[in-house]
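Colleague: Just dropping this structure here.
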């Protein structure tokens, strides 16, 4: 009986997987978004709603993340960005922050295991944010994860930790000025090394032009290209869709620069409850507006921003 | 000047509308404007001005040559409503009102298209909706209202529409200065001024100077504006200060950048609530830095149809939100 049940479950899972791929083939008739960003909101409310212990909501959230990643990569989405931990979240109770830091370290280790989705899809990991603010064990895990996956070039997962968009912009200005003045002072222009040792690596699609050092006489001010090059998110193109779960309609200091023209989608489901249907609806909405957005982008290319 | 009643039976907005009893004369530098009120306004000067048919306002050096007839009246004499405070809605709580509301006034052209009108009819109707929202903000204690009137991306629109919009901004600002001063409204305009017509620039400067002491409501109009442009110009200012030795590199922080943004003209630079009409679900490069923690509210109504009921709905939604700012 148990063997029979197990076989039935396996069969149903296989059928579900087949139907899902069929659905994705239909979606692929239209334009598939290249980059989807998620604000993973609602883990704590999920725990509270289901009478779970502290931290269990986030564990459920991690499972949801793995599912969504699988769906995205199956669909053909190349870049996925997730808002895992904001700089603002450091203001939570120290115990909560500690639980989250430890959970982060554990889950990063899990992601690097052989059978994980990271290896299955050849996903390169980028950790985006002010990494120096993280605890030492997490920083070590982050460095290892980026190093181990640096050779992957099929898919990209950008995990925003210790991140806010404003901090990213401040950092970009700081780095731009530092590089410019270093050059003016005759020093070797420093590379765009971000906090925590994140470096831009060639091989992955990059929307920012290569850095070219202008002659000293024209280095009076930083330019847009300097600014964009020094953003943490310069390693990926702008998102095509921004999804925030739990029904909250706000950006919470996430990708303010990159998501300026991006369609927003805010399903009321909590993050651990996010499912295939939400992704499908978001992609359908994106396809609906894609043509309009592409036309605007073309015209904009010939104008100043 | 604006005597719109809905629906608008404008036959051809490319040529001047039929003349009425209140012909105006814009063949000289005095720029006679006859001013009408087709909708409820917050001041009562329009009735008297209409009877006098006299000059309303003329900046000293302006030489505006606008459409021949600013005083088209459709359907008879316009209403002559007095300025009136709108009672505070029972559904709202005064202590939870946002200090700063931002609006993306989207849907003017679609509104006109659904009525078989030219796009500029929609823009004119949009001005009326804006006036109503300004009146409500004044009445209900909102301190700052920022509106996205013209994006830097809108320059790619047809020239005739762009010219109309520039003219519309100029006319509207000109006609409202007295009312702003009467109602305690301060007007500020943000955006890349380099592309604006010189006459509009003069009008803006005059209006900002005339109303700078007003403190009841600050109306910030974003014209030729882009959130990215705002951030980059702020960063360039910061970089220049570093280069000039006014600021140390290590001192660069969020507050320093915020001081250089165009919204530094107000005490409350960051909107609490962003409203976008017409059902589009994006912020379209508006106030990128400033919207970090704003509650976003999307309404399906086209902007000219956005009125008191829709505004109350937006405010109710805002007041029900739990704002955590990343903490708790």
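Chains as they are written, first to last, in the numbering used here: chain C, 1 to 305; chain A, 1001 to 1328. C-beta atoms are modelled at their ideal positions from N, C-alpha and C, and glycine is treated no differently.
If you count every other CB in all the chains shown that lies within 10 Å of the CB of residue 1193/A, and 16 or more means buried, which is it?
Modeller: For this step, residue 1193/A is matched to residue 193 along the second chain. Classification for residue 1193/A: exposed.
Colleague: Mind listing which residues of the region 1230-1247 of chain A have their C-beta closer than 8 Å to chain C's C-betas, in chain order?
Modeller: Answer set for the region 1230-1247 of chain A: 1231, 1232, 1235, 1236, 1238, 1239, 1240, 1242 and 1243.
Colleague: Taking the DSSP output, what are the residues bridged to residue 1295/A?
Modeller: Counting from 1 along the second chain, the entry for residue 1295/A is found at position 295. The partner list for residue 1295/A (beta bridge, DSSP) reads 1273/A.
Colleague: Is it buried or exposed for residue 1309/A, if we count other Cβ within 10 angstroms and need 16 for buried?
Modeller: The residue you call residue 1309/A lines up with position 309 of the second chain. Exposed.
Colleague: Please list the partners that residue 271/C has in chain A, where partner means a Cβ-to-Cβ separation under 8 Å.
Modeller: Mapped onto the first chain, residue 271/C falls at position 271. None at all; the shortest Cβ gap to chain A is about 15 Å.
Colleague: I'd like the list of long-range same chain contacts for residue 1109/A, defined as Cβ closer than 7 Å, with 5 residues on each side in sequence excluded.
Modeller: As a working note, residue 1109/A is residue 109 in the second chain. Hits under 7 Å: 1119 and 1122.
Colleague: Give me whichever residues DSSP pairs with residue 179/C in a beta bridge.
Modeller: The residue labelled residue 179/C in the question sits at position 179 within the first chain. According to DSSP, residue 179/C bridges with nothing at all.
Colleague: Count the other CB atoms, across all protein chains shown, that sit within 10 Å of the CB of residue 18/C; report buried if there are 16 or more and exposed otherwise.
Modeller: One-based indexing of the first chain puts residue 18/C at position 18. Exposed, because fewer than 16 other Cβ atoms sit within 10 Å of the Cβ of residue 18/C.
Colleague: Closer than 9 Å between beta carbons: that is the criterion. Which residues of the region 20-50 of chain C meet it against chain A?
Modeller: Flagged: no residues at all.
Colleague: Against residue 1289/A, what residues of chain C qualify as contacts under a CB-to-CB distance less than 9 Å, listed in chain order?
Modeller: For the purposes of this step, residue 1289/A is taken as the residue at position 289 of the second chain. What residue 1289/A touches in chain C: 165, 166, 169, 256 and 257.
Colleague: Label residue 1051/A either buried or exposed according to how many other C-beta atoms from any shown protein chain fall within 10 Å of its C-beta, with 16 as the threshold for buried.
Modeller: Position 51 of the second chain, counting from 1, holds the residue named residue 1051/A. Any answer about residue 1051/A is weak, because its pLDDT of 35 lies below 50 and its placement is not dependable; what the coordinates show is given next. Exposed.
Colleague: Output yes if chain C places a C-beta closer than 7 Å to the C-beta of residue 1318/A; else output no.
Modeller: Mapped onto the second chain, residue 1318/A falls at position 318. It does not; no Cβ of chain C falls within 7 Å.
Colleague: Quick check on the burial criterion: 16 or more other C-beta atoms within 10 angstroms. Buried or exposed for residue 1008/A?
Modeller: By 1-based counting over the second chain, the position of residue 1008/A is 8. Note that residue 1008/A scores a pLDDT of 36, beneath 50, so its modelled location is shaky; the value from the coordinates is reported in the next line. Residue 1008/A should be labelled buried.
Colleague: For residue 1041/A, which of helix, strand or coil comes out of DSSP?
Modeller: Within the second chain, residue 1041/A is the residue found at index 41, counting from 1. Low per-residue confidence applies at residue 1041/A: pLDDT is 34, beneath 50, and the placement is therefore not dependable, though the value from the model is reported in the following sentence. It is coil, neither helix nor strand.
Colleague: List, in order along the chain, the chain A residues whose C-beta lies closer than 9 Å to that of residue 260/C?
Modeller: In the first chain, residue 260/C corresponds to position 260, counting from 1. The contacting residues are 1226, 1227, 1228, 1282, 1283, 1284, 1285, 1286 and 1288.
Colleague: Among residues of its own chain, excluding the 5 on either side of residue 272/C, which ones have a beta-carbon nearer than 8 Å to its beta-carbon?
Modeller: As a first step, residue 272/C must be located in the first chain, where it is residue number 272. Result list for residue 272/C: 42, 43, 46, 57, 60, 61, 63 and 64, in chain order.
Colleague: Between residue 85/C and chain A, is the shortest Cβ-Cβ distance under 7 Å, so that the two count as touching?
Modeller: For the purposes of this step, residue 85/C is identified with residue 85 of the first chain, where counting begins at 1. Answer no: the Cβ-Cβ gap between residue 85/C and chain A never drops below 7 Å.
Colleague: Within its chain, find whatever has a CB closer than 6 Å to the CB of residue 951/A; leave out the 5 residues flanking it on each side and keep chain order.
Modeller: What is shown of chain A runs 1001 to 1328, which leaves residue 951/A out entirely.
Colleague: Please name the residues in the region 241-253 of chain C whose beta-carbon is closer than 9 Å to at least one beta-carbon of chain A, in chain order.
Modeller: Result list: 242, 248, 249, 250, 251, 252 and 253.
Colleague: Just to confirm the assignment: which complete beta strand (DSSP E) runs, minimum length 3, are found wholly within the region 1068-1152 of chain A?
Modeller: List check, beta strand (DSSP E) in window: 1100-1104 and 1144-1151.
Colleague: Drop a sphere of 10 angstroms on the beta-carbon of residue 1190/A, count the other beta-carbons inside from all chains shown, and report buried for 16 or more, exposed for fewer.
Modeller: Your numbering for residue 1190/A matches position 190 in the second chain. The residue is buried, with at least 16 neighbouring Cβ atoms inside 10 Å.
Colleague: Output the distance between the C-alpha atoms of residue 152/C and residue 121/C, rounded to the nearest integer angstrom.
Modeller: For this step, residue 152/C is matched to residue 152 along the first chain. For this step, residue 121/C is matched to residue 121 along the first chain. One C-alpha to the other measures close to 9 Å.
Colleague: Given a cut-off of 7 Å on the beta-carbon distance, is the pair residue 266/C and residue 239/C in contact?
Modeller: Residue 266/C sits at position 266 when you count from the first residue of the first chain. Residue 239/C sits at position 239 when you count from the first residue of the first chain. Contact: no.
Colleague: Are residue 128/C and residue 174/C closer than 7 Å when you measure CB to CB?
Modeller: Here residue 128/C refers to the residue found at position 128 of the first chain. Here residue 174/C refers to the residue found at position 174 of the first chain. Not a contact, by the Cβ cut-off of 7 Å.
Colleague: Which residues does DSSP pair with residue 1206/A in a beta bridge?
Modeller: For the purposes of this step, residue 1206/A is taken as the residue at position 206 of the second chain. The partner list for residue 1206/A (beta bridge, DSSP) is empty, contrary to what the question assumes.
Colleague: For residue 1101/A versus residue 1136/A, is the C-beta distance shorter than 7 Å?
Modeller: Here residue 1101/A corresponds to residue number 101 of the second chain, with the count starting at 1. Here residue 1136/A corresponds to residue number 136 of the second chain, with the count starting at 1. Result no, Cβ atoms of residue 1101/A and residue 1136/A do not sit closer than 7 Å.
Colleague: With a threshold of 7 Å on Cβ separation, who are the neighbours of residue 285/C within its own chain once the five nearest residues in sequence on each side are excluded?
Modeller: Counting from 1 along the first chain, the entry for residue 285/C is found at position 285. Same-chain partners within the cutoff: 263 and 265.
Colleague: Taking only runs that begin and end inside the region 95-147 of chain C, name each unbroken beta strand (DSSP E) of 3 or more residues, in chain order.
Modeller: Whole beta strand (DSSP E) segments, 3+ residues: 123-128.
Colleague: Between which two residues does the beta strand (DSSP E) harbouring residue 1340/A extend?
Modeller: Nothing in the structure corresponds to residue 1340/A, since chain A is present only between 1001 and 1328.
Colleague: Does the beta carbon of residue 1252/A sit closer than 7 Å to a beta carbon anywhere in chain E?
Modeller: Protein chains C and A are contained in the structure displayed, whereas chain E is not.
Colleague: Apply the 10 Å Cβ neighbour rule to residue 73/C and answer buried if 16 or more other Cβ atoms are within range, or exposed otherwise.
Modeller: Residue 73/C sits at position 73 when you count from the first residue of the first chain. Burial call: buried.
Colleague: Please list the partners that residue 1165/A has in chain C, where partner means a Cβ-to-Cβ separation under 8 Å.
Modeller: As a working note, residue 1165/A is residue 165 in the second chain. Within chain C, no residue comes near residue 1165/A; the closest Cβ sits about 16 Å away, beyond 8 Å.
Colleague: With DSSP as the reference, label residue 154/C as helix, strand or coil.
Modeller: Against the first chain, residue 154/C aligns to sequence position 154. In this structure, residue 154/C counts as coil in the three-state DSSP scheme.
Colleague: Considering only residues of the same chain and omitting the five flanking positions on each side of residue 1279/A, which have a CB-CB separation below 6 Å?
Modeller: Here residue 1279/A refers to the residue found at position 279 when the second chain is read from its first residue. Around residue 1279/A: 1300.
Colleague: Three-state secondary structure (DSSP) at residue 1325/A?
Modeller: Within the second chain, residue 1325/A is the residue found at index 325, counting from 1. Reduced to three states, the DSSP call for residue 1325/A is coil.
Colleague: Tell me whether residue 48/C, by its Cβ, gets closer than 6 Å to a heavy atom of the ligand GDP.
Modeller: Absence of the ligand GDP is noted for the structure shown, with no ligands found whatsoever.
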